[in-house]
Amino acid sequence: MINWIHPFIANMELSNLSLFIKIVIVILANFCFSITYVLLMNFGNGMYALDAILRYTESKFGLRYDIGRIGVDAVFLSAGFFFGGIVGIGTVIAFALTGPGTMLLEKMLLKLGRLYKVN
(Lines of atoms letter the chains of each structure in order from A and count residues from 1; the text may use other names and numbers.)
(Lines give C-alpha, C1' and ligand atoms only; values in the text may rest on other atoms or scores of the structure.)
Protein backbone atom coordinates (compact mmCIF):
# COMPACT_ATOMS: atom_id res chain seq x y z
CA MET A 1 0.00 0.00 0.00
CA ILE A 2 2.86 2.38 0.73
CA ASN A 3 4.40 2.09 -2.73
CA TRP A 4 1.20 2.55 -4.76
CA ILE A 5 2.46 5.75 -6.42
CA HIS A 6 5.78 4.30 -7.59
CA PRO A 7 4.51 2.82 -10.89
CA PHE A 8 3.12 6.20 -11.90
CA ILE A 9 6.35 8.04 -11.13
CA ALA A 10 8.60 5.36 -12.67
CA ASN A 11 6.77 5.56 -15.99
CA MET A 12 7.07 9.35 -16.25
CA GLU A 13 10.72 9.24 -17.40
CA LEU A 14 11.62 12.30 -15.35
CA SER A 15 15.29 12.05 -16.28
CA ASN A 16 14.39 12.92 -19.88
CA LEU A 17 12.69 16.21 -18.99
CA SER A 18 14.32 19.55 -19.80
CA LEU A 19 16.07 21.52 -17.09
CA PHE A 20 13.35 24.18 -17.19
CA ILE A 21 10.59 21.61 -16.54
CA LYS A 22 12.60 20.08 -13.69
CA ILE A 23 12.97 23.52 -12.10
CA VAL A 24 9.23 24.15 -12.44
CA ILE A 25 8.54 20.79 -10.75
CA VAL A 26 10.84 21.68 -7.85
CA ILE A 27 9.15 25.07 -7.42
CA LEU A 28 5.69 23.45 -7.46
CA ALA A 29 6.81 20.83 -4.94
CA ASN A 30 8.15 23.59 -2.70
CA PHE A 31 4.81 25.41 -3.03
CA CYS A 32 3.03 22.21 -1.92
CA PHE A 33 5.34 21.88 1.08
CA SER A 34 4.74 25.48 2.08
CA ILE A 35 0.98 25.33 1.72
CA THR A 36 0.90 22.11 3.75
CA TYR A 37 2.73 23.78 6.60
CA VAL A 38 0.52 26.87 6.49
CA LEU A 39 -2.66 24.79 6.48
CA LEU A 40 -1.44 22.59 9.34
CA MET A 41 -0.67 25.65 11.43
CA ASN A 42 -3.81 27.63 10.67
CA PHE A 43 -6.20 24.74 11.27
CA GLY A 44 -4.45 23.77 14.51
CA ASN A 45 -3.32 20.33 13.34
CA GLY A 46 0.31 20.70 14.37
CA MET A 47 3.57 21.62 12.70
CA TYR A 48 6.99 20.25 11.90
CA ALA A 49 9.48 20.19 14.80
CA LEU A 50 11.96 22.51 13.10
CA ASP A 51 9.21 25.00 12.31
CA ALA A 52 8.02 24.89 15.92
CA ILE A 53 11.52 25.91 17.04
CA LEU A 54 11.62 28.68 14.44
CA ARG A 55 8.19 29.97 15.49
CA TYR A 56 9.28 29.99 19.12
CA THR A 57 12.44 31.89 18.17
CA GLU A 58 10.29 34.34 16.22
CA SER A 59 7.97 35.00 19.16
CA LYS A 60 10.71 35.11 21.80
CA PHE A 61 13.52 36.97 20.01
CA GLY A 62 11.83 38.63 17.02
CA LEU A 63 13.79 36.67 14.39
CA ARG A 64 11.50 36.41 11.35
CA TYR A 65 10.51 32.88 10.38
CA ASP A 66 11.66 33.18 6.75
CA ILE A 67 15.12 34.43 7.73
CA GLY A 68 15.47 31.71 10.37
CA ARG A 69 14.35 29.06 7.91
CA ILE A 70 16.89 30.15 5.32
CA GLY A 71 19.61 30.11 8.01
CA VAL A 72 18.71 26.63 9.24
CA ASP A 73 18.43 25.33 5.67
CA ALA A 74 21.89 26.82 4.96
CA VAL A 75 23.33 24.88 7.90
CA PHE A 76 21.68 21.65 6.73
CA LEU A 77 22.74 22.22 3.12
CA SER A 78 26.34 22.90 4.16
CA ALA A 79 26.46 19.88 6.47
CA GLY A 80 25.05 17.64 3.75
CA PHE A 81 27.58 18.95 1.24
CA PHE A 82 30.51 18.48 3.63
CA PHE A 83 29.40 14.90 4.30
CA GLY A 84 29.45 14.13 0.59
CA GLY A 85 25.90 14.99 -0.45
CA ILE A 86 25.01 16.42 -3.82
CA VAL A 87 23.92 20.05 -4.03
CA GLY A 88 22.03 20.66 -7.26
CA ILE A 89 19.81 23.37 -8.66
CA GLY A 90 16.74 21.87 -6.97
CA THR A 91 18.47 21.95 -3.61
CA VAL A 92 19.36 25.61 -4.00
CA ILE A 93 15.84 26.51 -5.15
CA ALA A 94 14.27 24.72 -2.18
CA PHE A 95 16.80 26.35 0.15
CA ALA A 96 15.91 29.82 -1.13
CA LEU A 97 12.14 29.44 -1.41
CA THR A 98 10.95 27.42 1.59
CA GLY A 99 11.01 30.20 4.20
CA PRO A 100 9.83 33.12 2.05
CA GLY A 101 7.25 30.94 0.27
CA THR A 102 5.76 29.81 3.55
CA MET A 103 5.53 33.37 4.83
CA LEU A 104 3.92 34.58 1.60
CA LEU A 105 1.33 31.80 1.60
CA GLU A 106 0.59 32.36 5.28
CA LYS A 107 -0.06 36.06 4.67
CA MET A 108 -2.27 35.22 1.69
CA LEU A 109 -4.28 32.68 3.71
CA LEU A 110 -4.73 35.11 6.61
CA LYS A 111 -5.89 37.83 4.22
CA LEU A 112 -8.30 35.39 2.56
CA GLY A 113 -9.54 34.28 5.98
CA ARG A 114 -10.33 37.87 6.99
CA LEU A 115 -12.05 38.45 3.68
CA TYR A 116 -14.38 35.45 4.12
CA LYS A 117 -14.75 35.56 7.90
CA VAL A 118 -18.05 34.12 9.09
CA ASN A 119 -19.52 36.03 12.05
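Okay, so the sequence shown: first residue is 58 according to our numbering, each after it adds one. Where a beta carbon is used, it is the ideal one built from N, C-alpha and C, also for glycine.
{"Item": "Look at the alpha carbon of Ser72 and the alpha carbon of Asn87, and state the distance between them as a whole number of angstroms.", "Value": "19 Å"}
{"Item": "Is it true that the CB of Gly125 sits closer than 7 Å to the CB of Thr186?", "Value": "The question about residue 186 has no answer, for the chain in this structure spans 58 to 176."}
{"Item": "Classify Leu111 as buried or exposed, calling it buried when 16 or more other Cβ atoms lie within 10 Å of its own Cβ.", "Value": "buried"}
{"Item": "Mind checking which residues open and close the alpha helix (DSSP H) that includes Asn99?", "Value": "76-99"}
{"Item": "Quick one: what does DSSP say Arg112 is sitting in, helix, strand or coil?", "Value": "helix"}
{"Item": "If you draw a straight line from the C-alpha of Phe139 to the C-alpha of Leu167, how long is it?", "Value": "39 Å"}
{"Item": "For Asn154, count neighbouring Cβ atoms within 10 angstroms of its own Cβ and tell me buried if that reaches 16, exposed if not.", "Value": "First, the amino acid is wrong: residue 154 is Leu here, not Asn. When all chains shown are included, Leu154 counts as buried."}
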